[in-house]
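Down below is the structure, laid out as structure tokens.
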Amino acid sequence: MVDYVGQRVLVTGGTRGIGAALARAFLEAGASVTATYACNDEGAASFADGFDEELRGRLSVVRFDVSDRGAVEDFFTGFEADAGSLQVLVNNAGIRIDGVVALMDPADWQRVIDVNLTGAFNMCRRALQLMLPERYGRIINVTSPAGRIGSRGQANYAASKAGLVAFSKSLAREVATRGITVNCVAPGFIETEFLAGVPEEHMARYLELIPMGRFGSTEEVAACVLFLASRRASYVTGAVLDVTGGA
Amino acid sequence: MTEEEVRGKVLEIISFIAPDEDLSTIKDDEPLREQIGLDSMDFVDIVLELRKRHRIQIPEEDYGKLVSMKGIVQYLIPKFQAKA
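Encoded structure:
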């Protein structure tokens with residue numbers, strides 16, 4: 148198991164789904180974790196309550212919208228005063244508002260871009276101020292195979308994820324000489340509530356497309372993030388790791 | 028803190044960020060980045076190093092004032108004096 152004792156980790160969208168599994172995995176590896184969420188107070192509270200005292204002592208749960216640059220600034224001002232340093236940032240916060248392009252509400256297009264892509268930009272831009280002076284940092288952006296191959300009814304989501312890949316690769320080049328790596332993890336079909344809204348007949352079709360013939364678990368995604376965010380992954384940057392069961 | 032002392036602090040940081048550059052020939056009235064090889068990321072490093080070493084905060088809207096050595100020093104003198 149990789150060791151994160153003494154490290155500070157920030158996971159956006161860290162109270163549900165893949166984010167919650169990431170927060171748990173980092174906590175179990177010894178890190179202090181700040182998990183953010185945008186609106187589900189009840190979900191966030193129940194997430195925090197699910198930990199024993201020792202892990203709960205190293206967890207903070209904070210509410211703000213990553214697409215709101217002012218809120219991001221306010222968060223980091225407080226974070227810097229309390230924590231002082233940041234080793235790992237995981238941009239996992241993401242939303243879907245599906246629809247075909249021909250009928251997509253422009254507001255739905257923009258909202259998905261704002262959260263999934265601009266949110267990551269807002270977080271990275273500010274987090275670099277903590278990472279650059281220390282000449283160390285790990286940024287992991289959670290993307291999707293949809294960003295590479297597209298997805299019917301998800302042009303906004305796919306575009307935001309494709310953008311996030313290009314953003315990650317560009318940022319990786321900018322900070323490469325400063326001990327900061329920037330990588331993407333692209334989970335395929337993972338057992339979370341994100342899949343809950345998908346109709347039964349689509350699920351069967353998806354399974355046929357996956358060579359492993361099953362959906363992935365959040366723990367399987369977390370294992371990949373924990374490697375890339377570790378000190379040991381020091382020569383990996385600008386990469387995209389597909390966690391898709393071969394799809 | 029005197030102008031000379033502030034200039035010295037700035038040169039200390041620049042030589043840390045860009046150790047291979049010859050800083051002895053810098054002309055104070057000309058843009059710094061035209062005289063020595065500093066790119067945008069080096070500039071960010073310098074601003075963050077000022078914050079780390081000297082607890083001096085430089086708001087982003089003031090970055091445009093940090094062009095020549097003279098401009099940088101004049102900008103920083105009151106900031107250093109406020110800390111003293």
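As you go down the protein sequences, you meet chains G and H in turn. Residue numbering for the first sequence follows the working numbering, beginning at 148 and increasing consecutively. Residue numbering for the second sequence follows the working numbering, beginning at 28 and increasing consecutively. Yeah, the Cβ is synthetic: ideal placement off N, Cα and C, and Gly gets one too.
Nearest to residue i by alpha carbon, out of the options?
i: T324 of chain G; options: G:V383, G:E189, G:L169; result: G:V383
i: L250 of chain G; options: G:N239, G:G197, G:E366, G:R299; result: G:R299
i: G64 of chain H; options: H:D49, H:R82, H:E88; result: H:D49
i: C331 of chain G; options: G:T365, G:G294, G:A195; result: G:G294
i: A176 of chain G; options: G:R163, G:A185, G:Q154; result: G:Q154
i: D69 of chain H; options: G:F374, G:G225, G:F341, G:E321; result: G:E321
i: Q81 of chain H; options: H:D47, H:T52, H:I104; result: Reading the sequence as shown, one finds His at residue 81 of chain H and not Gln. Nearest C-alpha to H81 of chain H: H:I104.
i: Q301 of chain G; options: G:Y184, G:E340, G:A230, G:G241; result: G:G241
i: G161 of chain G; options: G:L236, G:Q276, G:G392; result: G:L236
i: D221 of chain G; options: G:R273, G:A306, G:I337; result: G:R273
i: V289 of chain G; options: G:V312, G:D255, G:V219; result: G:V312
i: S51 of chain H; options: H:K106, H:R34, H:L75; result: H:R34
i: N238 of chain G; options: G:Y353, G:G197, G:R285, G:N303; result: G:R285
i: Y304 of chain G; options: G:L279, G:S291, G:F314; result: G:S291
i: Q84 of chain H; options: H:V74, H:L93, H:K92, H:G91; result: H:V74
i: V390 of chain G; options: G:A192, G:T159, G:I165, G:R378; result: G:I165
i: V329 of chain G; options: G:P280, G:L354, G:C271, G:L342; result: G:C271
i: P86 of chain H; options: H:M96, H:K106, H:R60; result: H:K106
i: D188 of chain G; options: G:V208, G:A172, G:L342; result: G:V208
i: V262 of chain G; options: G:A228, G:L275, G:R216; result: G:R216
Per DSSP, which residues does residue i bridge with? Please list them.
i: G246 of chain G; result: G:Q301
i: G190 of chain G; result: According to DSSP, which records beta bridges pairwise, G190 of chain G is partnered with nothing at all.
i: N288 of chain G; result: G:N238, G:C331
i: P58 of chain H; result: H:S95
i: G363 of chain G; result: G:I337
i: R155 of chain G; result: G:S179
i: D389 of chain G; result: G:A333
Residue i to residue j, Cα distance in whole Å?
i: V213 of chain G; j: T29 of chain H; result: 43 Å
i: A351 of chain G; j: M359 of chain G; result: 13 Å
i: E31 of chain H; j: G98 of chain H; result: 13 Å
i: I357 of chain G; j: G335 of chain G; result: 9 Å
i: F268 of chain G; j: K54 of chain H; result: 37 Å
i: V368 of chain G; j: E57 of chain H; result: 52 Å
i: I244 of chain G; j: Q257 of chain G; result: 10 Å
i: G190 of chain G; j: R163 of chain G; result: 7 Å
i: S307 of chain G; j: K36 of chain H; result: 43 Å
i: S315 of chain G; j: V387 of chain G; result: 9 Å
i: G231 of chain G; j: T224 of chain G; result: 10 Å
i: P346 of chain G; j: V248 of chain G; result: 20 Å
i: R379 of chain G; j: A182 of chain G; result: 23 Å
i: T365 of chain G; j: E338 of chain G; result: 7 Å
i: L93 of chain H; j: Q62 of chain H; result: 14 Å
i: E281 of chain G; j: D150 of chain G; result: 19 Å
i: G363 of chain G; j: P253 of chain G; result: 32 Å
i: A319 of chain G; j: K110 of chain H; result: 36 Å
i: V156 of chain G; j: I296 of chain G; result: 31 Å
i: E200 of chain G; j: E348 of chain G; result: 42 Å
i: Y102 of chain H; j: S381 of chain G; result: 38 Å
i: G91 of chain H; j: E340 of chain G; result: 47 Å
i: P46 of chain H; j: I40 of chain H; result: 10 Å
i: A185 of chain G; j: L275 of chain G; result: 22 Å
Assuming residue i contacts residue j (C-beta within less than 8 Å), just tell me the rounded distance between them.
i: G344 of chain G; j: Y283 of chain G; result: Not really, about 39 Å apart at Cβ, beyond 8 Å.
i: F194 of chain G; j: A167 of chain G; result: 6 Å
i: M277 of chain G; j: L233 of chain G; result: According to the sequence as given, residue 277 of chain G is Leu; it is not Met. Confirmed, Cβ separation roughly 4 Å.
i: L169 of chain G; j: V372 of chain G; result: 6 Å
i: G385 of chain G; j: R361 of chain G; result: At roughly 30 Å, the Cβ-Cβ gap does not stay under 8 Å, so G385 of chain G and R361 of chain G are not in contact.
i: I44 of chain H; j: E88 of chain H; result: Their Cβ separation, rounded to whole angstroms, is 22 Å, which puts I44 of chain H and E88 of chain H out of contact at 8 Å.
i: A218 of chain G; j: F226 of chain G; result: About 12 Å separates the two Cβ atoms, so there is no contact after all.
i: L354 of chain G; j: D72 of chain H; result: Wrong, their Cβ atoms sit about 49 Å apart, outside the cutoff.
i: D255 of chain G; j: G266 of chain G; result: Actually they do not touch by this definition, with Cβ atoms about 16 Å apart.
i: I260 of chain G; j: A376 of chain G; result: The pair is not a contact, with the Cβ atoms about 25 Å apart (cut-off 8 Å).
i: V180 of chain G; j: V158 of chain G; result: 6 Å
i: G204 of chain G; j: L264 of chain G; result: The pair is not a contact, with the Cβ atoms about 34 Å apart (cut-off 8 Å).
i: S95 of chain H; j: L59 of chain H; result: 6 Å
Since residue i meets chain B, which of its residues come closer than 7 Å, beta carbon to beta carbon?
i: P280 of chain G; result: Here chain B cannot be found, since the structure's protein chains are G and H.
(request) Could I get the ranges of all uninterrupted alpha helix (DSSP H) runs contained in the region 171-233 of chain G, with 4 residues as the minimum, in chain order? (result) List check, alpha helix (DSSP H) in window: 188-196, 200-203, 216-229.
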